[in-house]
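Colleague: Using my numbering, the first residue of the sequence shown is number -3, and each one after it goes up by one.
The beta carbon of each residue, even a glycine, is placed where N, CA and C say it ideally should be.
Bear in mind the structure is a predicted one, so any value in this text is a computation, not a measurement.
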Amino acid sequence: MRTALFAFAACSLALPVTAEEVNIYSYRQPELIQPLLDGFTESTGIKTNVAFVNKGLVERLVAEGKRSPADIILTVDISRLTGAKAAGVTQAIDSSVLSTSIPEQLRDPEGHWFGLTTRARIVYASKDRVREGEITTYEDLADPKWKGRICTRSGTHVYTLGLVSAVIEHNGVEATEKWLEGVKANLAKAPEGNDRAQVKSIWAGECDISLGNTYYMGAMLDDEEQKAWADSVRIEFPKFASNGGTHVNISGVAMTASAPNRDNALAFMEYLASADAQSIYASVVNEYPADPNAAVSDRVADWGAFTPDSTNLADIAENRGEALKLVERVDFDG
Ligand code: FE
């Protein structure tokens, strides 16, 4: 069953109030979530309507207020989920289904958002120039032995800020500032481009290691040109020296504060949290299911096992403002 894409302007008028449906604002491209939508409609008979919103999702909900047709927000990155909660456009959900299937560190302590898949922020290491086990911690990235050998994207990008926020949570602000200075001193060039561009730089011999999200390995392998970049590196899972975990971020779901189809929205969230749905979702996007008991795709499993950081993502997200300040103070991108 195909899901209708509805236009923002017309949607509130076009939606009959009695229909069994759920309206989703998705930061994720519709084709990535289509298998989930189909599975949900098949098992419940509830129709799904998706609006793809790649920018200003929270602003949109704020502007629409109580008249918003949206029931559900599907997005990526902890900062977007905590930002939606802070803006008052989400509501707390008390569901034993959700709280049993989603690990505590991957959901809001007050029930406003739930992680569905995780992506680790890892090191892509040159197969030729970096020995296995040569990089084991995030703290290592500031070691002068990596001088002129690291590539990374901008310090102000949400992925970098997420990692810096986690470093603050583990090591404190002062140590994090020193660490950032150390990493900056090791950069092969000023931060530029996305995660895949850094791997391309490794392939081209401009640097030996880079920071990136795990799923980009999958994206590169699926691309004719980028496959060579992917083949030039392997994934290393750095840990925090303090607790031995690797930094992860999430894609997740929240119910809007004004959800007109609350019961259907809850059914959708509980469906997404099932181990099967998490597995389907994770395999389509080359990520890890939030539930450790849900199956990981063979391709993603091939990249190696790791222990995710057990720190609650909500605590990490609280350091976001401080992280940005540090990145600017050390002039990371300069
Ligand atoms: Fe990404």
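Near S306, what residues of its chain come up, given a Cβ to Cβ distance below 8 Å and the 5 sequence neighbours on each side ignored?
Modeller: Excluding positions up to five away in sequence, the list reads Q101, N239, G241.
Colleague: Taking the beta carbon of T96 as the centre, do at least 16 other beta carbons fall within 10 Å, making it buried, or is it exposed?
Modeller: Per the 10 Å Cβ criterion, exposed.
Colleague: Quick one: is the Cβ of D191 within less than 8 Å of any heavy atom of the ligand FE?
Modeller: Indeed, a heavy atom of the ligand FE lies less than 8 Å from the Cβ.
Colleague: Have a look at the DSSP bridge pairing and note the partners of N19.
Modeller: BP columns for N19 point to N45.
Colleague: Between the region 285 to 296 and the region 120 to 132, do at least 3 Cβ pairs fall closer than 8 Å?
Modeller: No: fewer than three Cβ pairs fall under 8 Å.
Colleague: Does the beta-carbon of V46, which I'm using as the reference point, lie nearer than 8 Å to any heavy atom of the ligand FE?
Modeller: V46 Cβ: outside cutoff for every heavy atom of the ligand FE.
Colleague: Find the nearest neighbour of N50 within the set S64, T37, T71, R63, judged by alpha-carbon distance.
Modeller: Of the listed residues, the one whose Cα sits closest to N50 is T71.
Colleague: Report whether the distance from the Cβ of V195 to the nearest heavy atom of the ligand FE is below 8 Å.
Modeller: V195 Cβ: outside cutoff for every heavy atom of the ligand FE.
Colleague: Would you list the one or two residues that DSSP bridges to N245?
Modeller: Answer is R115, bridged to N245.
Colleague: Closest to D136 by C-alpha separation, out of A237, A116, R192, G107, would be which residue?
Modeller: For D136, the nearest C-alpha among the options comes from A237.
Colleague: May I have the straight-line CA-CA distance separating I246 from G144, to the nearest angstrom?
Modeller: If I take the Cα positions, the gap works out to 31 Å.
Colleague: Determine the contact status of V154 and R76, defining contact as a CB-CB distance below 9 Å.
Modeller: Their beta carbons are under 9 Å apart, which means V154 touches R76 by this criterion.
Colleague: For the ligand FE, I want to know if Y23 counts as a neighbour, meaning its beta carbon is within less than 8 Å of at least one of the ligand's heavy atoms.
Modeller: No, since every heavy atom of the ligand FE falls outside the 8 Å radius drawn around the Cβ of Y23.
Colleague: Pick out whichever of D139, N209, G107, I231 has its Cα sitting closest to the Cα of N182.
Modeller: For N182, the nearest C-alpha among the options comes from D139.
Colleague: For A59, count neighbouring Cβ atoms within 10 angstroms of its own Cβ and tell me buried if that reaches 16, exposed if not.
Modeller: A59 is exposed by the Cβ-count criterion.
Colleague: Roughly how many angstroms separate the alpha carbons of L320 and K235, rounded to a whole number?
Modeller: In a straight line, the C-alpha of L320 is about 22 Å away from that of K235.
Colleague: Is N282 near the ligand FE, going by C-beta to nearest heavy atom under 8 Å?
Modeller: Checking the Cβ of N282 against the ligand FE gives no.
Colleague: Which value, in whole angstroms, describes the spacing of the CA atoms of K174 and S91?
Modeller: About 42 Å.
Colleague: Here's the rule I'm using: 16 or more other beta-carbon atoms within 10 Å means buried, otherwise exposed. How should K141 be labelled?
Modeller: So K141 ends up on the exposed side.
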